[in-house]
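Reviewing the structure listed below.
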Amino acid sequence: MNRSDGTGSAVPKSKTKRTTTRNDLQAEILTHAEKAFAEYGYEGTSIATIAESIGISKQNLLYYFPSKQSLYKRVLDDVLGIWLESMALLADETRNPQEALTSYIQAKLRFSREHPWGSRVYGLEVITGARFYRDDIRAKVVPVLQKDILVFEKWIAEGKIAPVDPTHLLFTIWAMTQSYADFSTQMSLVLNRKKLTAKDFNAAEKLILDIVLAAVSPKADTLNLKTTSK
C-alpha cells in the first residue's frame, strides 16, 4: 500500500523507505561528528575517522557533506538553532519576566544535559577564536540578543525587574548553564561519580533560578537603595 504525500498523490513505499534511510544516516553522521569534534577539535578530527565510526566509506559520508568544514558548520548550526529557540523564549511579551527567565534557564540546562557534545563543540569554536563561525555568530546571535535586551529594558522601564545590565545577565546565565556540559568532567571528578545525575541538574536549576530571579527582583533594587542610603 502506498502512502499519500499530502497532496492526494501516492508516494511509493520504496521511495519513502529510501528517504527515511537517508535521513537516518545523515542524523547518525551528525551525531558521530558532534562527538568527534567535541573530543578532538576541528583540527584533530578527520572525515575518515567519522565515517569509520559509523561503518560507512569516506566517499559515502562526503555524499551527504562535501567537506569537513561543511559538516562542522552543520553541527554548529544545529547547536545554535536550539539555543536561538530558547533565546526566543525571553522575547515573548505575553509572559512575565520570572516565567520567561525560568523557561529560558530550564531550556539551557536541558540542552547541557541532553546535548553535552554539541555544547562543547560550540565552546571549543569560541575559545579558539571562532575561526569558522565568527560571521554566523554575528549574523544569528547578535540580532536575537538585541531583541532580548530590548525586552529586558522594557521590563525595567515598567518596574517589572530591577535595573540590571541585560547583556551581562545573559552572559552570566550562559556561563552558569553551559558549564554543566563544557565542564561536566571536572564536576563529576569533584563529586566523585562517573557523570552528573538528574539530581545534580535539578540542584543546579534551583540554585541558578534562585540567583537570577533574586537579582532581577524589583525588591532587590529596593534593598540596594536602602543599603546605599545608609
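Position 27 of the sequence shown, counted from 1, bears residue number 26 in numbering that gives the first Met the number 0, the numbering being contiguous throughout.
The beta carbon of each residue, even a glycine, is placed where N, CA and C say it ideally should be.
The continuous alpha helix (DSSP H) containing Gly-117 extends over residues 115–126. Nearest Cα to Asn-22 within the set Ser-183, Leu-60 and Ala-35: Leu-60. Using a Cβ distance threshold of 8 Å, Tyr-39 and Tyr-71 do not count as a contacting pair. Separation of Gln-97 and Ala-214 (C-alpha to C-alpha, rounded to the nearest whole angstrom) is 11 Å. If you draw a 10 Å sphere on the C-beta of Val-120, you find 16 or more other C-beta atoms in it, and that means buried.
The beta carbon of Thr-44 sits closer than 6 Å to the beta carbons of Ala-35 and Phe-36 from its chain, once the five residues preceding and following it are set aside; these are given in chain order. The stretch 172–190 and the stretch 144–161 do not touch, with fewer than three beta-carbon pairs separated by less than 8 Å. Counted as a single uninterrupted DSSP element, the alpha helix (DSSP H) harbouring Pro-165 occupies residues 165–181. Of the residues assessed, Arg-130 falls on the exposed side of the cut-off, its CB having fewer than 16 other CB atoms within 10 angstroms. DSSP places Pro-142 within a helical segment (H, G or I) once states are collapsed to three.
For Ile-49, the number of other beta carbons within 10 angstroms of its own is at least 16, and it is reported as buried.
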